[in-house]
Each structure stands twice: as C-alpha cells, then as structure tokens.
Amino acid sequence: MPTSSELKCILNENPAACKYGIGLGLVAGLLCLLFLLLDFFRSYIQTSFLYKMICIADFVCSVLCAALWFIGFGFMAHQWALSVPGAYPFGVGSGQTTIVFSFFSIPCWVSYFTRIKIFGLSNNSSPSKSNIQ
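Numbering of the sequence shown is given in this note's numbering, commencing with residue 95 and proceeding in unit increments.
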C-alpha cells in the first residue's frame with residue numbers, strides 16, 4: 095500500500111517519461127480530430143491547391159507522429175527497464191499498456207502515410223488521358 099500521497103511516474107520515477115507519453119498522445123489525438131474535421135468538410139474546399147496542402151500537412155504530421163512514437167517507445171521502454179521491479183504494486187499494467195500502445199502506434203502511422211504515398215495526394219479521381227490506353 096502506498097504511504098505517500100505524492101504522484102510518481104512508474105517509469106523509473108522519471109516524470110519526463112510520463113509527460114512525454116501523455117503529451118504526445120494528446121497532441122496526436124488532437125491532430126487526428128483536426129484532420130478528421132478537414133476530411134469531413136472536404137466538399138467545401140474549392141481549390142485543389144488548398145486540398146493538396148492539407149494532404150501534405152496530413153502526410154507530414156503522420157511522418158512526425160510515427161517518428162515521435164518510435165522515440166517514445168524506445169524512451170519509455172528504457173525507463174521501464176531501469177525501474178525497480180516490484181516498487182509499484184499499482185499502475186504496472188498502465189505502464190506496460192503505454193509502452194505496448196506506443197509500439198503498435200508506429201505501424202499504424204507508417205501504414206497511414208504509406209497509403210497516402212501510394213495513392214497520391216491529388217483529389218482528382220478521374221483518369222487522366224495518359225492512363226487510358
């Protein structure tokens with residue numbers, strides 16, 4: 095049973111590890127909501143240039159999130175390895191879940207920006223004359 099009312103990070107008592115995971119998750123979630131809203135209002139975007147800039151921004155954010163989740167996975171897993179086993183009877187599952195989530199976020203973000211790269215960034219769905227043979 096904990097005897098202190100002070101909150102401590104279970105990842106080697108390093109508050110930077112906990113703040114990194116929380117901050118990155120919050121920023122990535124807000125970015126997802128932003129691009130979901132932009133996708134929802136795609137029919138109101140008049141110029142293809144603006145739509146292309148939004149797609150490029152989405153792509154850049156996806157690459158950045160994949161890289162930051164990769165760094166976060168390495169950082170949090172290292173802090174977990176340095177922490178004293180059995181020091182925290184509560185919250186162990188939360189720490190492990192955070193590390194697993196950051197690991198499995200990497201292929202999700204990579205598959206997302208790979209899909210954008212494969213299918214292109216333009217919103218022109220009609221076939222071009224060069225594609226018709």
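Backbone N, C-alpha and C fix where the C-beta goes; we use that ideal spot for every residue, glycine too.
Please read these numbers as outputs of a predicted model, since none were measured by experiment.
Practice item. Identify whether LEU105 lies in helix, strand or coil by the three-state DSSP scheme. Key: coil
Review point. Looking only at its own chain, which residues have a Cβ that is under 8 Å from the Cβ of GLY166, when we skip the five neighbours before and after it?
Key: TYR114, GLY115, LEU118 and SER196
Review point. Exposed or buried, GLY193, counting other C-beta atoms within 10 Å across all chains shown (16 or more means buried)?
Key: The sequence given here places Ile at residue 193; Gly does not occur at that position. Burial call: buried.
Exercise for review: Could you have a look at PHE164 and say whether DSSP puts it in helix, strand or coil?
Suggested key: helix
Check your understanding: Quick one: what's got a C-beta closer than 7 Å to ALA171's C-beta in the same chain, skipping five residues either side?
Key -> ILE193
**Study point:** PRO109 versus THR141 - alpha carbon distance
**Key:** 45 Å
Practice item. Pick helix, strand or coil for GLN173, following the three-state DSSP scheme. Key: helix
Point to revise | Contacting residues, own chain, Cβ-Cβ under 6 Å from ILE148 (five flanking each side not counted) | key: LEU132
**Study point:** 8 Å contact criterion, which ALA122 and GLN173 should meet: CB distance rounded
**Key:** Not a contact, Cβ separation roughly 20 Å.
Review point. Helix, strand or coil for SER188 per DSSP?
Key: helix
Review point. For GLY180, which three-state DSSP category applies?
Key: coil
Review point. By how many angstroms is the C-alpha of LEU176 removed from the C-alpha of VAL42?
Key: Outside the modelled stretch of the chain, which goes from 95 to 227, sits residue 42, for which no answer is possible.
Check your understanding: By the 10 Å Cβ neighbour count, where 16 or more other Cβ atoms means buried, how is SER137 classified, buried or exposed?
Key -> exposed
Check your understanding: Using CA coordinates, which residue listed in GLU100, SER99, LEU101 and LEU105 is at the minimum distance from PRO179?
Key -> LEU105
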